[in-house]
Amino acid sequence: MAGVRAGAAFGQERPKFAVYSSVAFPLHRERTAPNEGESLGTRRPDGTGAGYGVTFTSAETVHRRYKSQRKMIDLKTKVSDWCLYLALFGLVLAVIDAETVALSTKGKETVPQSPLSIILPFFLRITILMSTLLLDVLVLVYHSIEVKISLIEMGSNYWRIGVTCERIAKLLIELTICSICPLPGVGTVEWPLLGVGERLPHTVHIPVDVLLCLPMFLRLYIACRYLVLHSVHFQDPATKAMASLNQISVDFPFVVRTQLTERPLSIIAFSTVCFWLILAWMLTQCERYTHSDDIGSNRHIIDFIWFEIVTFFSIGYGDVQVETYCGRALAIITGIIGTLMSSLLIALVGRRMQLSLSERRVNQVIAESQLSIQYKHSAARVLQSTWRALKQKRLMNVEVGGAHRRAFLRFRAEQRNLLRAITGFRRARWKLRMRLEYEDDYIAFRRSFVETQDRLTTVRRTQERLRTQLNMLALSVDKLSLMLTPQF
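Okay, here's the thing in structure tokens:
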């Protein structure tokens, strides 16, 4: 991440702008920069611009570099958009090609129903291959633009500074993912079956182009990059600057966490449905060729959508089974992702169920009010029971005979009522004390802050009154001095 420092030296009229980067220059700094007219090693002997930064002596240089960076970022966004369009285009054509092959397959052989069933797959695969080559070119262009942006941030024109091992590895992985596609031609591969009887065949023939369609869904990583580049955190310069100052990288995890915080249920529901549909289609391609009698039937996709849902929620009725290694691997992935999504959903629902600060404050005030009323009522009952007990005791001392016996019984009853009232009073006082101790920390801090602020306001008012009185006393002393001066 680069930073800009601007300042003016003493005795100089021209301001200096320096760009500092967290990436150190390599040992090739003695080579001549082709476009800047100066070398990285020809720094001033006084130390200005030495180290990691590149010194700019004019505001025009900074403005030109900022415009270049802004132009490169816009170009990177457009290239990323076209990468996503080409990836989705090739993916849709691959799905159509796989379904066409399934409809024209019966048993172990591919049965051409018409000339269209031969020409259409060949045309689709040629189109997919061309779109894949174009996608690879755009991926190379995208990474070259990122290298140029990093060079602009570091203030250098030497391209090897921006080409790191991490970037090369990322480029190779992306090219590998984007290069996978079904090729023209017909070919099959033997796929082992699991859990079948002894009299049934243990292998099945699956077209190679169908298996090559499955890894093409890895191209959807470009959609994650699309979301990042089109998010408000990346597009807004002020938000991006704040994130840089706080050492926050505006990447896909940050954008996803932000969206989950703002609208969690929508994001989880959309992601879950897309995951079900994609994995159900992939399971269909892995398992449909094990049923040689109805390979092109639509019931496979419906059955595996049901299989995905029950496996996702770890139910597993067992009515739909997988018979290939590919299907079992996808079932394991479904179970793992389902567990993670369930945990995420529980955490988000728990966060949504929490009361806000205003709601907690309202509940706190209501609880304190109710406990205060209960405390006052308990104290009043203690006083009432005490008065009644003293009254019955006085009557007991006055009455004789049977009336004395009845007064004695009433006196004991009032004593029991007094004890119950005292116990209730202590219980209410304890509850009120516990409520005050276990109140929300933020509310307690806020209350302490408000009380402190009120006290400071009172002190300031007292100081203002004292200052006013002292000024009035000083004016009175001045007037008295003026009155006494002529007399002397």
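Residue numbering for the sequence shown follows UniProt numbering, beginning at 1 and increasing consecutively. Each residue gets a CB set at the ideal place from its N, CA and C atoms; glycine is no exception.
Which residue comes first and which comes last in the alpha helix (DSSP H) that contains residue i?
{"i": "V362", "result": "L357 to V398"}
{"i": "Q235", "result": "V232 to Q235"}
{"i": "S58", "result": "Per DSSP, S58 belongs to no alpha helix (DSSP H) and is neither H nor E."}
{"i": "T258", "result": "F252 to E262"}
{"i": "H404", "result": "G402 to E437"}
{"i": "V349", "result": "Y325 to M353"}
{"i": "L229", "result": "Y221 to L229"}
{"i": "R160", "result": "Note, R160: premise wrong, no alpha helix (DSSP H); not H, not E."}
Looking at the secondary structure, which residues open and close the beta strand (DSSP E) in which residue i lies?
{"i": "W191", "result": "T188 to P192"}
{"i": "residue 568", "result": "The requested residue 568 is not part of the displayed model; the chain covers only 1 to 488."}
Would residue i and residue j qualify as a contact pair, given that the criterion is a beta-carbon distance under 8 Å?
{"i": "H143", "j": "L183", "result": "no"}
{"i": "A280", "j": "I267", "result": "no"}
{"i": "A329", "j": "V210", "result": "no"}
{"i": "T324", "j": "L227", "result": "no"}
{"i": "T132", "j": "S179", "result": "yes"}
{"i": "A87", "j": "L135", "result": "yes"}
{"i": "L84", "j": "I222", "result": "yes"}
{"i": "V139", "j": "E174", "result": "yes"}
{"i": "F334", "j": "T311", "result": "The question names Phe, yet the displayed sequence has Thr at residue 334. Yes; because the gap between Cβ atoms is below 8 Å, this pair is in contact."}
{"i": "I145", "j": "Q69", "result": "no"}
{"i": "A367", "j": "R435", "result": "yes"}
{"i": "L277", "j": "F304", "result": "no"}
{"i": "V365", "j": "A421", "result": "no"}
{"i": "I128", "j": "C181", "result": "yes"}
{"i": "R65", "j": "I168", "result": "no"}
{"i": "G90", "j": "M216", "result": "yes"}
{"i": "A389", "j": "E414", "result": "yes"}
{"i": "V147", "j": "W159", "result": "yes"}
{"i": "T188", "j": "H202", "result": "no"}
{"i": "L260", "j": "L348", "result": "yes"}
{"i": "C213", "j": "A94", "result": "yes"}
{"i": "N417", "j": "S385", "result": "yes"}
{"i": "L432", "j": "L371", "result": "yes"}
Could you tell me if residue i is buried or exposed, where buried requires 16 or more neighbouring beta carbons within 10 angstroms of its beta carbon?
{"i": "A238", "result": "exposed"}
{"i": "A24", "result": "At A24 the pLDDT is 45, less than 50, meaning the model places this residue with poor confidence; the figure from the coordinates comes in the next sentence. Its Cβ having fewer than 16 others within 10 Å, A24 is exposed."}
{"i": "E464", "result": "exposed"}
{"i": "R125", "result": "buried"}
{"i": "P34", "result": "The pLDDT assigned to P34 is 43, lower than 50, so where the model puts this residue is not dependable, and the model offers no usable value."}
{"i": "K76", "result": "buried"}
{"i": "P207", "result": "buried"}
{"i": "A331", "result": "buried"}
{"i": "M483", "result": "exposed"}
{"i": "G155", "result": "buried"}
{"i": "Q392", "result": "buried"}
{"i": "V398", "result": "exposed"}
{"i": "I161", "result": "buried"}
{"i": "E36", "result": "Caution applies to E36, whose pLDDT of 41 falls short of 50 and renders its modelled position unreliable; the value that the coordinates give is listed next. Exposed: under 16 other Cβ atoms inside 10 Å."}
{"i": "S343", "result": "exposed"}
{"i": "Q12", "result": "Note that Q12 has pLDDT 41, beneath the 50 cutoff, so the model's placement of it is unreliable and no number is given."}
{"i": "V101", "result": "buried"}
{"i": "L419", "result": "exposed"}
{"i": "R455", "result": "exposed"}
{"i": "V322", "result": "buried"}
{"i": "F445", "result": "exposed"}
{"i": "A474", "result": "exposed"}
Counting contacts by CB-CB distance shorter than 8 Å, is residue i in contact with chain C?
{"i": "L124", "result": "Of the protein chains in the structure, only one exists, and it is not chain C."}
Taking 7 Å as the line, does the beta carbon of residue i fall inside it for any heavy atom of the ligand SAM?
{"i": "T457", "result": "You won't find the ligand SAM in this model; it holds no ligand whatsoever."}
Q) Can at least three beta-carbon pairs, one atom from the region 244-260 and one from the region 213-231, be found at a separation below 8 Å? A) The region 244-260, when compared against the region 213-231, does touch it at the 8 Å Cβ threshold.
Q.
Does the contact criterion of 3 or more C-beta pairs under 8 Å hold for the region 402-417 versus the region 345-359?
A. With the rule of 3 Cβ pairs closer than 8 Å, the region 402-417 does not count as touching the region 345-359.
Q. Taking one C-beta from the region 453-468 and one from the region 369-382 each time, how about it: are there three or more such pairs within less than 8 Å?
A. No: fewer than three Cβ pairs fall under 8 Å.
Q.
Across the region 273-287 and the region 235-250, are there enough close Cβ pairs to call them in contact, namely three or more that are closer than 8 Å?
A. Contact between the region 273-287 and the region 235-250 is absent, because fewer than three Cβ pairs lie under 8 Å.
(Q) Restricting to runs no shorter than 3 residues, where is the beta strand (DSSP E) found entirely within the region 264-316? (A) Entirely contained in the region 264-316, not one beta strand (DSSP E) run reaches 3 residues.
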